[in-house]
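All residue numbers in the sequence shown are consecutive under my numbering, ending with 1408. Everything on this sheet refers to the single structure shown next.
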Amino acid sequence: MSAVFRFAPSPNGLLHLGHAYSALLNADLAAASQGRLLLRIEDIDTTRCKPEFEQAIHDDLAWLGIDYERPVRRQSEHFDAYRDALARLDAMGLIYPAFLSRAEIRAATGIPDWPRDPDGAPLYPGVDRDRPRAEAEARIAAGAPYALRLRMDEAMRRAGPLTFTEAGAGPAGEHGVLPARPELWGDVILARKEVPTSYHLSVVVDDALQGVTHVVRGQDLFQATSVHRLLQALLGLPEPLYHHHGLIRDATGRKLSKSDGDAGLAALRAAGVTPDEIRQRIGLRRHQPTPST
């Protein structure tokens, strides 16, 4: 079976040098292993994702010389697949609707020692966990905003101890077979009223449906791997090999970001920068070693 890699950007802004690194690394590793490269458009946020940004992704990848298989999977066209996965978790008794707003969460957890997830957000206090189902359904029917959260403790008991294999390196140099620690995220959100999925849920469903064998992405997603391994175990999905790579940062050490307006690839191209110069800037040689399997 050939290795399957994927580059999976969100069309909510223009690609920058950090995206170029990830896309080129995936392409290089796929070529080195005589594997396949997929492009996936992660556009579940239909408010922020725009057609012009999606077209810019294709333009930037073509300029970089990256080829990928067609058709391209667009997540917004597959909400039914995510609803099905969510329904399976609900049938296991692992999902509950939570109604606290972000402000209410901050107010309920505003004590110095309250635990936070790897992104720095306070863990959900769980005040809705034991709410009667009929009461929760009545609030939903009345139009109340809500998020569907995973009962993390029960999910972990069902799944048992989990590991993942890291072929790259975590932020502290973690490598090899590592323990998964999804409990760090608390009762993580798997869907919202306005969007029937989340990044965590859609990415594991898509990776399984597309036969992805190697997940190559930035170290900023290293901690999320634990949640992904838990969902894979609960849903009976295959476990890919993970390879987290370093991040491209600016002169101050800050990670590049679309939202901060960091120079996009289109602007660099318009300024006369060449694809080879892009490789030089990000320190990526054309040929990369094949990740271990």
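No residue lacks a Cβ here, since even glycine has one placed at the ideal position from N, Cα and C.
Find the nearest neighbour of residue i within the set the options, judged by alpha-carbon distance.
i            : options                : result
residue 1331 : 1281, 1178, 1306, 1313 : 1281
residue 1397 : 1381, 1365, 1237       : 1365
residue 1150 : 1182, 1171, 1174       : 1182
residue 1211 : 1219, 1246, 1230       : 1246
residue 1153 : 1386, 1327, 1302, 1297 : 1327
residue 1207 : 1125, 1351, 1394, 1382 : 1351
residue 1234 : 1335, 1209, 1256       : 1335
residue 1129 : 1384, 1389, 1379       : 1379
residue 1158 : 1118, 1172, 1138, 1263 : 1172
residue 1444 : 1250, 1131, 1249, 1118 : This structure gives no information on residue 1444, because the portion of the chain shown stretches from 1116 to 1408.
Is residue i helix, strand or coil when you go by DSSP?
i            : result
residue 1344 : helix
residue 1262 : strand
residue 1275 : coil
residue 1307 : strand
residue 1166 : helix
residue 1154 : strand
residue 1320 : helix
residue 1297 : helix
residue 1214 : coil
residue 1134 : helix
residue 1194 : helix
residue 1121 : strand
DSSP beta-bridge partners for residue i?
i            : result
residue 1208 : Residue 1208 is not bridged to any residue.
residue 1356 : 1329
residue 1292 : 1280
residue 1379 : 1131
residue 1237 : 1231
Got a sec: does the ligand ATP put a non-hydrogen atom nearer than 7 Å to the Cβ of residue i?
i            : result
residue 1161 : Absent from the structure shown: the ligand ATP. Ligands present: none.
Open item on the list: For the structure I just gave you, are there three or more beta carbon pairs, one from the region 1287-1307 and one from the region 1164-1176, closer than 8 Å?
Closed with: no
- [ ] Answer yes if the region 1263-1274 comes into contact with the region 1299-1315, meaning at least three C-beta pairs across the two stretches below 8 Å, and no otherwise.
- [x] yes
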